[in-house]
Amino acid sequence: MGKTTTSASISTGLAKRGHKTVVIDFDVGLRNLDLIMNCERRVVYDFVNVIQGEASLNQALIRDKRVDTLYILPASQTREKEALTREGVEKIINELSETFDYIVCDSPAGIEHGALMALYYADEAVVVTNPEVSSVRDSDRILGILQSKSRRAEMGQDPVKEHLLLTRYNPARVEKGEMLSVGDVEEILAIPLLGVIPESQIVLNASNQGLPVILEGESDAGQAYDDAVARLLGEEREHRFMSAQKKGFFSRMFKGG
Amino acid sequence: MSLLDYFRSKKSNNTANVAKERLQIIVAHERGQREQPDYLPQLQQELLAVIRKYVQISDDMVQVEVDRNDSCSVLELNVTLPEA
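Heads up: the protein sequence lines correspond to chains A and B, in order.
Numbered per the working numbering, the first sequence spans residues 30 to 286.
Numbered per the working numbering, the second sequence spans residues 1162 to 1245.
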């Protein structure tokens, strides 16, 4: 669905703009952010070690080799999911917020404990959706949880700010009526659109190498993520990559249609 | 394939509209359920257990809903019994 890919790109994008950023993998048992960020061989301690006092935050945080204001807090692979306690997560988020400008929480799939922990302390949520029925329905459920089970909801504070990010979007298929359009998904979920990431070979190529897509600055997907980060920071940017590229005669000739 | 078939097949290929309609219905339904009190699933399970002492029914044969009006709430219980 693109949550981890998106977390990697958004955190990298925020850090590239000079904000000190940490991205936390909440998928206990199925750690993958480290692989997407190309630091899987540098993991020594993890999130659960820190919660349980077996390591300090500084020992567990991995500094990104490409963007020096970016840190990764990997998930544990072996522990039980319940090791993420609400108090433990709160303590770490409070400690991180003393030194970091942005904390990006990469949620696991589903609405189980890990996902609930990832969203509980959120101020803003980026809901990553594919233009596909099951994904849109799941997103609506997550929105319901954000509106009722987050700390902001429980404390009666201002609600978590919601953003829609539509990934794996294929404008050509939308034009043929084979895929839900951005407008359709916006209408159903009724939350503001942060961005549309076109379906692209680049996304797989980038994850193969452990490179956040946003660093593929030439690619449409990379640029779409860059736009999304800019909008997240309050910049106005026109939406791109939402219509099919009309191939001219020459590009058809030379690129094999 | 005749020209008519071409247009017809094109029309029936518009599955995005089907997806949108189905989603609108299910999402509206699930949003309605969200506003239901927290005890409903438990109540539904316990009712199921009681009814099962007498009749074998499956999980989806007991529907429990709360309708809220301004002045009162109505608990609506719908039990479908299997054909005898």
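Beta carbons are placed, not taken as given, at the ideal position from N, Cα and C, and that holds for glycine.
Original post:
Does A/Ser85 come within less than 9 angstroms of chain B when only Cβ atoms are used?
Top reply: no
Original post:
By the criterion of Cβ-Cβ separation under 9 angstroms, what are the contact partners of B/Glu1191 in chain A?
Top reply: Arg166, Asp169, Arg170, Gly173
**OP:** Count the other CB atoms, across all protein chains shown, that sit within 10 Å of the CB of A/Met184; report buried if there are 16 or more and exposed otherwise.
**Re:** exposed
Subject >> Best match in A/Leu195, A/Arg170, A/Arg260 for proximity to B/Arg1192 [C-alpha to C-alpha] >> reply: A/Arg170
**OP:** Return yes when the Cβ of A/Val118 is within less than 9 angstroms of the Cβ of A/Glu153, no when it is not.
**Re:** no
Original post:
Within this structure, are the beta carbons of A/Asp167 and B/Ala1180 separated by less than 9 angstroms?
Top reply: no
Subject >> A/Thr98, DSSP secondary structure in three states >> reply: coil
Original post:
How long is the line joining the alpha carbons of B/Val1255 and B/Leu1242, rounded to whole angstroms?
Top reply: Summary: the structure shown does not reach residue 1255 of chain B, with chain B confined to residues 1162 through 1245, and so no result is reported for it.
Original post:
According to the neighbour-count rule (16 or more other Cβ atoms, all chains shown, within 10 Å of its Cβ), is A/Ser177 buried or exposed?
Top reply: exposed
**OP:** Examine chain B for any beta-carbon lying closer than 9 angstroms to the beta-carbon of A/Val162, and answer yes or no.
**Re:** yes
**OP:** Determine whether the Cβ of B/Ile1212 lies closer than 9 angstroms to any Cβ atom of chain A.
**Re:** no
Subject >> Three-pair Cβ contact test at 8 angstroms for the segment 34-50 of chain A versus the segment 231-245 of chain A >> reply: yes
Original post:
How is A/Gly285 classed by DSSP in three states: helix, strand or coil?
Top reply: Only weak support exists for where A/Gly285 lies, its pLDDT of 47 falling under 50; the coordinates are left without a value.
Original post:
From A/Ala144 to A/Ser272, what distance separates their C-alpha atoms?
Top reply: 33 angstroms
Original post:
Span of the alpha helix (DSSP H) holding A/Ser105?
Top reply: Where A/Ser105 is concerned, there is no enclosing alpha helix (DSSP H), given that its DSSP letter is neither H nor E.
Subject >> B/Asn1178 - DSSP class collapsed to helix/strand/coil >> reply: helix
Original post:
Ends of the alpha helix (DSSP H) at A/Leu218?
Top reply: 211-218
**OP:** Check whether the Cβ of B/Val1188 lies closer than 9 angstroms to any Cβ atom in chain A.
**Re:** yes
Subject >> A/Ala250 beta carbon less than 9 angstroms from that of A/Ile220 >> reply: no
Subject >> Residue burial classification, A/Gly285 (beta-carbon count within 10 angstroms, cutoff 16) >> reply: For A/Gly285, the pLDDT reaches just 47, beneath the cut-off of 50, and the residue's location in the model is therefore unreliable, leaving the point undetermined.
Original post:
Going by the beta-carbon positions, is the gap between A/Thr50 and A/Val157 smaller than 9 angstroms?
Top reply: no
Subject >> Segment limits, beta strand (DSSP E) that includes B/Asn1239 >> reply: 1234-1240
Original post:
Between which two residues does the alpha helix (DSSP H) carrying B/Val1211 extend?
Top reply: 1201-1213
Subject >> Beta-carbon gap between A/Leu102 and A/Asp130 smaller than 9 angstroms >> reply: no
Original post:
Within this structure, are the beta carbons of A/Val77 and A/Ser105 separated by less than 9 angstroms?
Top reply: yes
Original post:
Which value, in whole angstroms, describes the spacing of the CA atoms of A/Thr98 and A/Pro200?
Top reply: 35 angstroms
Subject >> Contact set for A/Asp255: own chain, Cβ-Cβ below 8 angstroms, skip 5 residues either direction >> reply: Gly42, Ile243, Gly246
Original post:
In angstroms, rounded to a whole number, what distance separates the CA positions of A/Val57 and A/Gly239?
Top reply: 20 angstroms
**OP:** Helix, strand or coil for A/Ile140, going by three-state DSSP, please let me know.
**Re:** coil
Original post:
Taking 9 angstroms as the CB-CB limit, is A/Leu209 close to chain B?
Top reply: yes
Original post:
Going along chain B, which residues have a C-beta under 9 angstroms from A/Val203?
Top reply: Ala1177
Original post:
Residues in its own chain within less than 7 angstroms of B/Asn1175 by CB, not counting five upstream and five downstream?
Top reply: none
Subject >> Close beta carbons around A/Leu62, own chain, < 6 angstroms, minus the five adjacent residues each side >> reply: Thr33, Asp54, Asp135
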